[in-house]
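Data first, discussion second: the structure below is written as structure tokens.
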Amino acid sequence: YAENRRGRFVSPPRLKYDISRTISLAAHAQSEGMRLNIEVLDSREVAADARIAALLQVQKGEPLFEYTRLFTSDGHAIFIETESIIARRFPKMLEQDLQQSTTKLLEQAYNTHARTGDITIRMRAVHADEAECLGIAANHPGIELEQIISDESGMPFCVGNQIWRGELAAFSARAILGH
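Last residue of the sequence shown: 180 in my numbering, with the numbers rising by one and none dropped.
Right, dumping it as structure tokens:
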């Protein structure tokens, strides 16, 4: 792989993520003993824009907590994630330790259990601010993973958007036919 202005390097092993087996990569990685570090880059309260409001089934302008985190393994930046959650459902969320799996945190602190995760994966160019955090050049190809997480009643409560360094990701899924 190439790092911005530093040359070419041998890539570390790809982080394997079976999206059909788990909603939370962080929870899975931590339970499997993988070295996955989470650094909180930003956290704030925002008003839901029209797109996020529609995904979360709330009114435009609904208060949300939004935080951006950088995920690394063995010193290598792997992906950046921005999550938006409904503030009224999770009071004082930004005071919690966000350097862990969101799904585990919500289970423990708010008794909210993730039941489904609707995932869309697409290729796109990495934006300049993302590239800086990931240590790559702007417009480098990246893999964007968007996930809408819903609770046991089917109500969405979190929208996550991840941008992965393509050379460090291996996604898989298992298709089950006839259901």
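Quick reminder that beta carbons are idealized off the backbone N, C-alpha and C, glycines included.
These numbers come from a predicted model, not from an experiment.
Cutoff 8 Å; reference residue i; Cβ partners in own chain excluding five residues on either side
| i | result |
| --- | --- |
| P157 | L56, L57, Q58, I149, I150 and S151 |
| E153 | H114 and R116 |
| L99 | I39, V41, S44, Y68, R70 and L106 |
| Q60 | A49 and A54 |
| Q97 | L106 and A110 |
With 16 other Cβ atoms within 10 Å as the buried cut-off, status of residue i
| i | result |
| --- | --- |
| R166 | buried |
| T103 | buried |
| L178 | exposed |
| A129 | exposed |
| A49 | buried |
| A78 | buried |
| A88 | buried |
Limits of the beta strand (DSSP E) - the one that residue i falls within
| i | result |
| --- | --- |
| R123 | A115 to A126 |
| E96 | That residue, E96, is in no beta strand (DSSP E); it is neither H nor E in DSSP. |
| A78 | H77 to I87 |
| R166 | P157 to R166 |
| E67 | P64 to S74 |
| R45 | N38 to A48 |
Residue range of the unbroken alpha helix (DSSP H) whose run includes residue i
| i | result |
| --- | --- |
| I150 | No alpha helix (DSSP H) holds I150; the beta strand (DSSP E) holding it covers P142 to D152. |
| Q109 | T103 to Y111 |
| E133 | A129 to L135 |
| A55 | A51 to L57 |
Distance between beta carbons of residue j and residue i, contact taken as under 8 Å
| i | j | result |
| --- | --- | --- |
| E84 | C159 | 6 Å |
Other residues of its chain near residue i: CB distance less than 7 Å, five sequence neighbours each side excluded
| i | result |
| --- | --- |
| I164 | F80, I81, V127, E131, G143 and E145 |
| R125 | G143 and E145 |
| G62 | A48 and A49 |
| I86 | L65, F66, M94, F158 and C159 |
| Y111 | F91 |
| N140 | A126 and V127 |
| E108 | H114 |
Contacting residues, own chain, Cβ-Cβ under 6 Å from residue i (five flanking each side not counted)
| i | result |
| --- | --- |
| N162 | T83 and E147 |
| D119 | I149 |
| I122 | L146 |
Short CB-CB distance (under 8 Å) between residue i and chain D
| i | result |
| --- | --- |
| N38 | Among the chains in the structure shown there is no chain D, since it carries only a single protein chain. |
**Message:** Pairs of beta-carbons, one from the segment 34-52 and one from the segment 62-82, closer than 8 Å: are there three or more?
**Reply:** The segment 34-52 vs the segment 62-82: in contact.
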